[in-house]
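Numbering (the numbering used here), first residue to last: 1476 to 1827. See below for the structure under consideration.
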């Protein structure tokens, strides 16, 4: 057993590149564990800059100077940010507040519906069962009210942090775009001179994760716009909030679509009941989900970029358990990184 373990160590960890990679991975994990909250604006800035780098490079191919290309792309980013904060964010907040205000009334309607089941179908729903369900719903309403109160208190206390992030993140994005080469050169100084395999890993990770992030952003925008138009035409309540939710849900494959389906269906049912409008909404929503899964995703993402569904679900479970909601959001890029590392990890000797 010891000989097998020693052989495995010699194969995968005797190369200087393997040792360097191991140290980098350990340091990054420790940094996230020890300084997770501090790293949030830095990671957010790096992701935004990463998405905008393609536009900067395209402008440079059109003979724009680097600094001018950065200024133009950064101006586009700031303009988009202003539109979101001036128009979309207030609308989302207003609909979110309205939804929070309406939820106790919605739950009361659900209670009335549950109570009517016992009256109309006593052979299937006993009085004790209905009492238990209505009691639990009442407790849920109370807990939900407490949650809303604590949520608003926490939001007010975090306003200052949000304002600071609102200033820091755009500044970091600008400097990441402007000084990408200098930052990369500084980091490369700490790597060993022999880094052929590490360069291959970086190029593949850069291509796959870069294509994934930019493709996912395009998918979010398309799905959000289609959902917005469809929900607005159908006249469903909170259509902006639901459209944004459907768009964001594509970040988490399979799981996201299932989770966002519940509020869409519940809000539509409470608004229209068992009616033609409710049926039209369900059909439209099903078409949007089907088009995203069977047309949009294959068009945006190549076959080589797509992971097996089992790998995606495992990544969501593992990284979600490690880093919570952020682990769920970044499960696919992290799984892609792990996949590339396993395939390209430097080996000192060939396996027989």
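Ideal Cβ positions, reconstructed from N, Cα and C, are used throughout, including at glycine. Predicted model, so just to flag it, every value in this text is computed and none were measured.
DSSP state of residue i mapped onto helix, strand, coil
i	result
residue 1750	coil
residue 1827	The pLDDT assigned to residue 1827 is 43, lower than 50, so where the model puts this residue is not dependable, and the model offers no usable value.
residue 1711	coil
residue 1776	coil
residue 1689	helix
residue 1539	coil
residue 1679	helix
residue 1665	coil
residue 1782	coil
residue 1729	coil
residue 1819	helix
residue 1526	helix
residue 1521	helix
residue 1510	coil
residue 1805	coil
residue 1603	helix
residue 1654	coil
residue 1660	helix
residue 1584	helix
Contact set for residue i: own chain, Cβ-Cβ below 7 Å, skip 5 residues either direction
i	result
residue 1647	1516, 1517, 1520
residue 1680	1812, 1815
residue 1662	none
residue 1541	1535
residue 1584	1745
Where residue i falls, given that 16 or more other Cβ within 10 Å makes a residue buried
i	result
residue 1727	buried
residue 1652	buried
residue 1691	buried
residue 1641	exposed
residue 1527	buried
residue 1702	buried
residue 1767	buried
residue 1743	buried
residue 1545	buried
residue 1638	exposed
residue 1751	exposed
Rounded straight-line distance, which links the Cα of residue j to that of residue i
i	j	result
residue 1570	residue 1580	16 Å
residue 1667	residue 1761	52 Å
residue 1749	residue 1718	22 Å
residue 1643	residue 1796	29 Å
residue 1595	residue 1588	10 Å
residue 1819	residue 1693	29 Å
residue 1804	residue 1737	19 Å
Spatial neighbours of residue i in its chain, beta-carbon cut-off 8 Å, leaving aside the 5 residues before and after
i	result
residue 1814	1782, 1786
residue 1731	1723, 1724, 1725
residue 1808	1684, 1687, 1688
Own chain, CB closer than 6 Å to residue i, minus 5 neighbours either side, in chain order
i	result
residue 1735	1720, 1721, 1724
residue 1523	1648
residue 1806	1790, 1791, 1794
residue 1817	none
residue 1821	1490, 1492, 1493, 1672
Residue i Cβ short of 7 Å to the ligand FAD heavy atom set
i	result
residue 1570	No copy of the ligand FAD appears in this structure; indeed no ligand is present at all.
Report task. State whether the segment 1552-1566 contacts the segment 1679-1690, with contact taken as three or more CB pairs (one from each stretch) at a distance under 8 Å. Result -> The answer is no - the segment 1679-1690 does not touch the segment 1552-1566, with fewer than three Cβ pairs under 8 Å.
Report task. Count the C-beta pairs between the segment 1693-1707 and the segment 1531-1545 that are closer than 8 Å, then say yes if the count reaches three, no if not. Result -> Segment contact: the segment 1693-1707 against the segment 1531-1545, fewer than three CB-CB distances shorter than 8 Å; contact not assigned.
Query raised in the report: Is the number of C-beta pairs between the segment 1768-1775 and the segment 1692-1699 that are closer than 8 Å three or more?
Result: Touching, yes.
Query raised in the report: Are there three or more Cβ pairs, one per stretch, closer than 8 Å when the segment 1784-1804 is compared with the segment 1650-1669?
Result: With the cut-off at 8 Å, the segment 1784-1804 and the segment 1650-1669 do not touch.
Query raised in the report: Does the segment 1489-1497 touch the segment 1668-1679, meaning 3 or more C-beta pairs lie closer than 8 Å?
Result: They touch, by the three-pair rule.
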